[in-house]
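Using the UniProt record's numbering, you'd call the opening residue of the sequence shown number 1 and step up by one each time. Heads up, the beta-carbon is just placed ideally off N, CA and C, and yes, glycines get one too. These numbers were taken from a predicted model, which means no experiment stands behind them. These notes are about the structure you will find just below.
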Amino acid sequence: VPDTESDPPNADLIFCDPDLLEAVVTEEVGSSALFASRFRECAARALLLPRRDPKARSPLWQQRMRSAQLLSVAAKYQEFPIVLETMRECLTDVFDLDSLLEVQRRIAARSIRVVEVETTEPSPFAKSLLFGYVGAFVYEGDVPLAEKRAAALSLDANLLAELLGKDGLKQLLDVEVIAATEADLQGLSEERKAGTAEQLFDLIRTAGPFTLSELRQRSLDTLDLPTAVEDLVLARRAVRVRIAGAEMVAVTEDVPRLRDGLGIPVPAGVAASFEETAVHPVNELVLRWARTHGPFLPSVVARRYGLGIAVVESACAALTGPGTLVSGSFMDLAADPTGDRRQYCSAQVLALIKRRTLALLRKEVEPVEPVAYARFLADWQAVGTGGRGVDALLSTIEQLAGYPMPASSVESMIFPARVADYSPAMLDQLTSTGEVYWLGDGPVGESDGWVRFYPAGMEPCPPRGEPGTPRASALLTAFSPGGAYFFENLLRFISTDDQAVEARSGDVAALWDLVWCGLVTGDTFAPVRALSAGGTLKKPRQPSARVHRSRLGHRPVRPRPAVRNASPTTVGRWSLVDRLPMDAGVAAARSRLATDIFNQLDRYGVVTRGSVLTEDSEGGFGAAYRALSALEESGQCRRGYFIDGLGAAQFALTGAVDRLRAELREPEEKSALVLSACDPANPYGAALAWPEREGHRPGRKAGALVVLVNGHLVFYVERGGRTILTFTDDVELVEPAAQALARSVRMGQLGKLTVERADGGHVFSSGAVSESLQEAGFQMTPQGLRLRPAAR
Numbered sequence: 001v002p003d004t005e006s007d008p009p010n011a012d013l014i015f016c017d018p019d020l021l022e023a024v025v026t027e028e029v030g031s032s033a034l035f036a037s038r039f040r041e042c043a044a045r046a047l048l049l050p051r052r053d054p055k056a057r058s059p060l061w062q063q064r065m066r067s068a069q070l071l072s073v074a075a076k077y078q079e080f081p082i083v084l085e086t087m088r089e090c091l092t093d094v095f096d097l098d099s100l101l102e103v104q105r106r107i108a109a110r111s112i113r114v115v116e117v118e119t120t121e122p123s124p125f126a127k128s129l130l131f132g133y134v135g136a137f138v139y140e141g142d143v144p145l146a147e148k149r150a151a152a153l154s155l156d157a158n159l160l161a162e163l164l165g166k167d168g169l170k171q172l173l174d175v176e177v178i179a180a181t182e183a184d185l186q187g188l189s190e191e192r193k194a195g196t197a198e199q200l201f202d203l204i205r206t207a208g209p210f211t212l213s214e215l216r217q218r219s220l221d222t223l224d225l226p227t228a229v230e231d232l233v234l235a236r237r238a239v240r241v242r243i244a245g246a247e248m249v250a251v252t253e254d255v256p257r258l259r260d261g262l263g264i265p266v267p268a269g270v271a272a273s274f275e276e277t278a279v280h281p282v283n284e285l286v287l288r289w290a291r292t293h294g295p296f297l298p299s300v301v302a303r304r305y306g307l308g309i310a311v312v313e314s315a316c317a318a319l320t321g322p323g324t325l326v327s328g329s330f331m332d333l334a335a336d337p338t339g340d341r342r343q344y345c346s347a348q349v350l351a352l353i354k355r356r357t358l359a360l361l362r363k364e365v366e367p368v369e370p371v372a373y374a375r376f377l378a379d380w381q382a383v384g385t386g387g388r389g390v391d392a393l394l395s396t397i398e399q400l401a402g403y404p405m406p407a408s409s410v411e412s413m414i415f416p417a418r419v420a421d422y423s424p425a426m427l428d429q430l431t432s433t434g435e436v437y438w439l440g441d442g443p444v445g446e447s448d449g450w451v452r453f454y455p456a457g458m459e460p461c462p463p464r465g466e467p468g469t470p471r472a473s474a475l476l477t478a479f480s481p482g483g484a485y486f487f488e489n490l491l492r493f494i495s496t497d498d499q500a501v502e503a504r505s506g507d508v509a510a511l512w513d514l515v516w517c518g519l520v521t522g523d524t525f526a527p528v529r530a531l532s533a534g535g536t537l538k539k540p541r542q543p544s545a546r547v548h549r550s551r552l553g554h555r556p557v558r559p560r561p562a563v564r565n566a567s568p569t570t571v572g573r574w575s576l577v578d579r580l581p582m583d584a585g586v587a588a589a590r591s592r593l594a595t596d597i598f599n600q601l602d603r604y605g606v607v608t609r610g611s612v613l614t615e616d617s618e619g620g621f622g623a624a625y626r627a628l629s630a631l632e633e634s635g636q637c638r639r640g641y642f643i644d645g646l647g648a649a650q651f652a653l654t655g656a657v658d659r660l661r662a663e664l665r666e667p668e669e670k671s672a673l674v675l676s677a678c679d680p681a682n683p684y685g686a687a688l689a690w691p692e693r694e695g696h697r698p699g700r701k702a703g704a705l706v707v708l709v710n711g712h713l714v715f716y717v718e719r720g721g722r723t724i725l726t727f728t729d730d731v732e733l734v735e736p737a738a739q740a741l742a743r744s745v746r747m748g749q750l751g752k753l754t755v756e757r758a759d760g761g762h763v764f765s766s767g768a769v770s771e772s773l774q775e776a777g778f779q780m781t782p783q784g785l786r787l788r789p790a791a792r
């Protein structure tokens, strides 16, 4: 990284959409010093830079100057062979583009994990890159001047694809889709045929001229075609003309371009207003043909209008420059009589064909079973396979940003499942340095509540409500000057007694009222940790005020109000949550919604209606659907039917789709996971419905657990662990689930667990469940089956 006063770029610098990467590299390499130096070598090999004296070697500076002059001229021509050869050499000989694409696809699928580190000096591998980075600018002068580089290299995409041995868009576009699209544009499909004289006129105006036989193919049987055409001619709205030896019908407005472009005489009776001169008549006719057809060859248009192929090719080239037409290899077509296979297509029509082809591909893709998505989701969120250290925790929080989680499960279940060596000190480090902040989102009883985590700079969700008591409102007013305060300092702001500030239980409760409303946050997670561990919001111990003696005598100095924070649930500094005002405008709300939806895509890989509703997104599923559709149009996600039974409104990241399909086959080895029921890696009760069963229904409740085996839901453990619900009788699934549950208890994640009831009855009469739990280490007691954490 070069010396800079700002922070160095992060890993986002090397990330690129695999679908766009090849086009980006092809576009950017043309203005690079690498391209300039390679062009000089190619031009020298082609004898385009001859020496004045064959016996003497030309100076390097002279070669570079002449090469830059040649490149500034050659860059204007799409088919200049040395430019194409230079591009081929850069993309194949210098760059390993295929391997780069593969790496980017695997990063997008999260099969390759990117870890950011900062070292005092570059690694041996990076040193060679830095040397090449500096050395590349030795040839920077070979690049054309800035005003000529701004025009960029206008390469012929079709010729470049042939040089690289690729078929361009031919592999993407479906032939049947192209034919169906052209039939719609030409009015040949049943729903597009003309049924009235007005519809016939519109068809001739937008896609004509046509012969009578062609109009008959584009009209319904109920339309009296000869009469309709005759009425249009008599009304001077249409004229009969002869084009390339065929009698055709054209609208009167086309007379100037037909006369000036094709040399057609003006029919008698045409008003003088239609005798004006057309500016680019051939271009207009070619453009109309392109907008009402799929990919075409210039020879087809030339035969249609009786023009020379060179004339049509010139018009196509003129329309290709501004991007109105696109040149490439779109489908298998017979070559021109000249042997030219170059095809053209309207940019608008090509976009329509692409959309319809993608829609067809979405229909052809077989969706995966819901249990495969359950396996995928745990793998996508790196549950059980995550990294280590603070960086891994930060990555986890970035993926779970804004997701409401029970405070009691955050550090016992959710974070340890993703960070192998998790410890509370890691979270305190991130919160104290300001890299992460937390937000309350409602209480759950007296000692638990919902919390959300956000990386620094991310806009939080709106507050849940207003303070519920006058004391809480007064405490909120104390934060109005801004900044962060210790709890005892806040009490001084709202105290009416100068001598003693009593930390009443109502003050502590008022503080947590603001926390659970999402209005106040702390610089450490320790208060939430203490509350979840059994802390109290009651009146803390109040120490007496200390009397200070004056250094000049024995007269006591007036003491300051004595406040000492005796409650662990109020430690640290507290501050208002920094968020945009609610009246910040529609743009701010849309930006917040777009960020939230993109976070959900990153979190789930595949976003469904159920997952959106579980997160209680702002605006509901309707607003989320519009945001997801906008992301799809911009190419940042895909819509399809990826998971069976979850409806058609499914959106996924490209890398997630490939990885999801890799989970089609269930692994032979049984892998069990014990998760909080509210963990986003648990799809049941969110994207997936709870499996059908009689009796008590499970829910995504704070303190509850689920045990998954290869994606199958096996156990649901109620809060407290006294009741277990089972969802299968398969012993091959029940046994590993019981072993995983026992392992979590021994590791201290769950504390002491005593199972008393299973599926509505006593656990001792549960058969396979009781046997599996006892084999896993649970001991029989009068109350039920009990297991304690291992002694440490």
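Since residue i is in the beta strand (DSSP E), which residue starts that stretch and which ends it?
i	result
residue 440	436 to 443
residue 401	Note, residue 401: premise wrong, no beta strand (DSSP E); not H, not E.
residue 521	520 to 522
residue 225	It is not in any beta strand (DSSP E) - residue 225 instead sits in the alpha helix (DSSP H) that spans 225 to 234.
residue 191	From DSSP, residue 191 is part of no beta strand (DSSP E); its letter is neither H nor E.
residue 455	449 to 455
residue 715	712 to 717
residue 247	246 to 251
Out of the options, point me to the one whose CA is closest to residue i's CA.
i	options	result
residue 513	432, 186 and 476	476
residue 370	728, 711, 571 and 720	711
residue 384	411, 368 and 415	415
residue 85	726, 43 and 33	43
residue 440	374, 402 and 518	518
residue 470	435, 452, 448 and 509	509
residue 713	690, 483, 283 and 63	690
residue 377	515, 708, 467 and 481	708
residue 622	634, 176, 609 and 375	609
residue 313	332, 285, 292 and 330	285
residue 768	104, 368, 732 and 618	732
residue 807	333, 483, 457 and 404	Since the displayed the chain opens at 1 and closes at 792, residue 807 lies outside it and no answer follows.
residue 367	438, 308, 596 and 663	663
Sorted by chain position, which residues of the same chain lie with C-beta nearer than 8 Å to residue i's C-beta, five sequence neighbours on each side aside?
i	result
residue 115	387 and 391
residue 757	722, 723, 724, 763 and 784
Do you know how far the Cα of residue j is from the Cα of residue i?
i	j	result
residue 255	residue 242	12 Å
residue 532	residue 406	9 Å
residue 268	residue 280	24 Å
residue 355	residue 99	28 Å
residue 217	residue 200	12 Å
residue 46	residue 26	23 Å
residue 346	residue 706	55 Å
residue 32	residue 40	13 Å
residue 467	residue 699	29 Å
residue 786	residue 742	10 Å
residue 426	residue 436	11 Å
residue 175	residue 644	28 Å
residue 639	residue 653	9 Å
If I follow the unbroken alpha helix (DSSP H) through residue i, where does it start and stop?
i	result
residue 381	No alpha helix (DSSP H) holds residue 381; DSSP gives it neither H nor E.
residue 422	Looking at the DSSP string, residue 422 is not in any alpha helix (DSSP H), and its letter there is neither H nor E.
residue 87	81 to 88
residue 723	Taken as a continuous stretch (DSSP letters only), residue 723 belongs to no alpha helix (DSSP H), being part of the beta strand (DSSP E) at 723 to 726.
I'd like to confirm the pairing. Which residues does DSSP put opposite residue i in its beta bridges?
i	result
residue 345	326
residue 474	None, per the DSSP bridge assignment.
residue 676	705
residue 785	755 and 780
residue 684	688
residue 243	246
Leaving out five residues before and five after residue i in sequence, what residues of the same chain have Cβ atoms less than 6 Å from its Cβ?
i	result
residue 12	none
residue 607	600, 601 and 651
Within the same chain, show all residues whose beta-carbon is closer than 7 Å to that of residue i, passing over the 5 residues directly before and after it, in chain order.
i	result
residue 760	695 and 696
Is any beta-carbon of chain B found at less than 7 Å from that of residue i?
i	result
residue 410	Protein chain content of the structure displayed is limited to a single chain, and chain B is not contained in it.
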